[in-house]
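Quick note: the sequence shown, position 235, residue 235 per the numbering used here, numbers continuous.
Heads up: the structure comes next, in structure tokens.
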Amino acid sequence: MTMRGRTAIATQLLWALPLLACGNTDTLAGGESTGNTSLTGGGSLTTSVGTDGTTGNTPTTADATTATTQTTAEPGDSSGEPWDTGPKFDVNIDGFCAMREAGVYCTSENRAVECDANGEEIDSQNCNPDKCLPDVGCVECFDGDVSCLANKVLQCNVDGVPHWEVVEVCNPANQEGCDVPSASCVPLQPVGTNVPTGEYYQFADFHTGSGFLGGYDVDGFDDKLYVLGNWTNIIDVYQIELEDSDGDGKLEPNQHPNNPDAMGPIENRVITHLETIPAFGTPSPSVSELFALDDRLYIGGSQLTENILGVGTSVIATPPGWLGGFSQIGHDDVNDVWFASNESYRRVMQYDASDNSWGIAFYYPSLAGDHMDGMEVVPSPTTGVVYVYVSDMTSDFIGQYRLHPVQGWIQENLFSYVGTAGVLLEGMGFGPLNHFWATGGESLYELGGGDLAEFTEPPG
Numbered sequence: 001m002t003m004r005g006r007t008a009i010a011t012q013l014l015w016a017l018p019l020l021a022c023g024n025t026d027t028l029a030g031g032e033s034t035g036n037t038s039l040t041g042g043g044s045l046t047t048s049v050g051t052d053g054t055t056g057n058t059p060t061t062a063d064a065t066t067a068t069t070q071t072t073a074e075p076g077d078s079s080g081e082p083w084d085t086g087p088k089f090d091v092n093i094d095g096f097c098a099m100r101e102a103g104v105y106c107t108s109e110n111r112a113v114e115c116d117a118n119g120e121e122i123d124s125q126n127c128n129p130d131k132c133l134p135d136v137g138c139v140e141c142f143d144g145d146v147s148c149l150a151n152k153v154l155q156c157n158v159d160g161v162p163h164w165e166v167v168e169v170c171n172p173a174n175q176e177g178c179d180v181p182s183a184s185c186v187p188l189q190p191v192g193t194n195v196p197t198g199e200y201y202q203f204a205d206f207h208t209g210s211g212f213l214g215g216y217d218v219d220g221f222d223d224k225l226y227v228l229g230n231w232t233n234i235i236d237v238y239q240i241e242l243e244d245s246d247g248d249g250k251l252e253p254n255q256h257p258n259n260p261d262a263m264g265p266i267e268n269r270v271i272t273h274l275e276t277i278p279a280f281g282t283p284s285p286s287v288s289e290l291f292a293l294d295d296r297l298y299i300g301g302s303q304l305t306e307n308i309l310g311v312g313t314s315v316i317a318t319p320p321g322w323l324g325g326f327s328q329i330g331h332d333d334v335n336d337v338w339f340a341s342n343e344s345y346r347r348v349m350q351y352d353a354s355d356n357s358w359g360i361a362f363y364y365p366s367l368a369g370d371h372m373d374g375m376e377v378v379p380s381p382t383t384g385v386v387y388v389y390v391s392d393m394t395s396d397f398i399g400q401y402r403l404h405p406v407q408g409w410i411q412e413n414l415f416s417y418v419g420t421a422g423v424l425l426e427g428m429g430f431g432p433l434n435h436f437w438a439t440g441g442e443s444l445y446e447l448g449g450g451d452l453a454e455f456t457e458p459p460g
């Protein structure tokens, strides 16, 4: 299975994240730790207290300014290297382990490297989305860390190899959820405000009769869009192509007359209907969101169902009675965690696959619509931080949320719509051109650019 294009990029770039760098300034890029732990022996491989990489891989996502009190050298910084003082000479020494004693070291790219006594690299391991501890290797957490997963409050247990430990289980049926600052379960309140902090724009707007056949729930992968048709027994597959309609020799998906970062005419989008495939699971218009990957589709409804194309279907999860259905679904590909929501409340739910439990991640305030109708999970391609995006029935606003390692769930931004406000939103996905796509039954339209592009566009 291939991850979404947006996430594959983000995962590659996670190697360069200073926010997850290991240890302290004395043991980072300089690698002054001299332990004898082996990456292939006991105690240094990433461990998990759950299954399927879920409980053990709960992130403490953050950007570089808030992630941790520990500091790190920039990639390529030689501070702390044994040869970082005096004249520099080319002594033909190659490799991270050269001139290091045997042991397990942490690089500024959050990689654990095991060196032998001869200055040779024995093994290395990318610790993302976890952390690197000198003399140990990849670990889930550091002493004092607190995090949330589904209905659970997690604290870092540093007895032996540091790992997450459940310290309290919340009751989401009573609106309880995990609170990071207090490391306890508390009654949850809406997070954030309805005061915009940024803008985005509408680009393509396809209506029935212009290549779009109609439909509700939508998601994308690469240049493809998958739309649950007006008739619930079908899923229509479309291709989206961008044309250099202004003739300047460049493809500019964010170019818009009102966008100060890419001002100019909107470049033409072409929609092509490729095929119709049978629906599966428990489809129902506007309450059965799709999630697309290269070789499979997922659909919400009264259950979360996976369809490996050409192979078959299986049920991934079912909602508890207090939750209702899965009208909207999203997946954190970095940490392998499912999210879901529905129209009943403005709240986002999180799943723990280790025990099939659901909990409340956060509530959000009214965003000018009658009810919640859109939710997507998209990691930043430049920082790797995982963001949850929410929208009401109209697309006036898109709220952006993340799990802060100290504050818990926070509203990072609230993006406002510039253009024709109040367009119906009955389904929201992410895909072609690194933009969000929304459906309203008889229309399919594209949203992005502006301040939102900072968090969705790959570098370059």
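Ideal Cβ positions, reconstructed from N, Cα and C, are used throughout, including at glycine.
Looking only at its chain, what residues have a beta carbon closer than 7 Å to the beta carbon of residue i, apart from the 5 residues adjacent to it on each side?
i, result
"residue 243", "267, 268, 270"
"residue 82", "Below a pLDDT of 50, predicted positions are generally treated as unreliable, and residue 82, at 36, falls in that range; no measurement from the model is reported."
"residue 296", "1, 306, 307, 308, 309"
"residue 348", "339, 341, 361, 362, 375, 388, 390"
When you compare the CB positions of residue i and residue j, do they come within less than 8 Å of one another, or not?
i, j, result
"residue 439", "residue 300", "no"
"residue 322", "residue 112", "no"
"residue 313", "residue 303", "no"
"residue 177", "residue 135", "no"
"residue 446", "residue 202", "yes"
"residue 384", "residue 315", "no"
"residue 456", "residue 425", "no"
"residue 150", "residue 341", "no"
"residue 448", "residue 435", "yes"
"residue 433", "residue 240", "yes"
"residue 175", "residue 162", "no"
"residue 443", "residue 205", "yes"
"residue 139", "residue 185", "no"
"residue 458", "residue 379", "no"
"residue 363", "residue 191", "yes"
"residue 402", "residue 372", "no"
"residue 148", "residue 164", "no"
"residue 400", "residue 387", "yes"
"residue 284", "residue 232", "yes"
"residue 156", "residue 121", "no"
Given residue i, which residues of its chain have a CB within under 8 Å of its CB, disregarding the five upstream and five downstream residues?
i, result
"residue 331", "291, 298, 337, 338, 339, 377"
Look up residue i in the DSSP assignment and say whether it is helix, strand or coil.
i, result
"residue 455", "helix"
"residue 450", "helix"
"residue 442", "coil"
"residue 181", "coil"
"residue 460", "coil"
"residue 173", "helix"
"residue 344", "coil"
"residue 362", "strand"
"residue 546", "No statement about residue 546 is possible, as the shown extent of the chain runs from 1 to 460 and does not include it."
"residue 9", "Per-residue confidence for residue 9 stands at a pLDDT of 38, beneath the threshold of 50, marking its modelled position as unreliable; no derived number is given."
"residue 203", "strand"
"residue 215", "strand"
"residue 322", "coil"
"residue 106", "strand"
"residue 462", "Since the first residue of the chain shown is 1 and the last is 460, residue 462 is not available in this structure."
Spatial neighbours of residue i within its chain, please: C-beta separation below 6 Å, excluding the five flanking residues on both sides.
i, result
"residue 452", "200, 415"
"residue 217", "228, 288, 289, 290, 427"
"residue 391", "374, 398, 425, 428"
"residue 324", "342, 344"
"residue 418", "199, 201, 258"
"residue 245", "267, 268"
"residue 328", "289, 341, 375"
"residue 370", "393"
Taking 7 Å as the cut-off, is the beta-carbon of residue i closer than that to any non-hydrogen atom of the ligand GTP?
i, result
"residue 430", "In the structure on display, the ligand GTP does not appear, and there are no ligands present to speak of."
Assuming residue i and residue j are in contact, meaning their beta carbons sit under 8 Å apart, how far apart are those beta carbons, in whole angstroms?
i, j, result
"residue 467", "residue 183", "As displayed, the chain neither begins before 1 nor continues past 460, which places residue 467 out of reach and without an answer."
"residue 211", "residue 272", "7 Å"
"residue 237", "residue 277", "6 Å"
> Counting only runs that start and end within the segment 383-437, where is the beta strand (DSSP E) found for 3 or more residues in a row?
Replying inline: Here the runs fully enclosed are 386-392, 397-404, 408-418, 427-430.
Checklist entry - Curious, which full-length beta strand (DSSP E) runs of at least 3 residues does the segment 244-316 contain? => result Listed in chain order, the beta strand (DSSP E) elements of length 3 or more contained wholly in the segment 244-316 are 269-278, 290-292, 296-299, 304-308.
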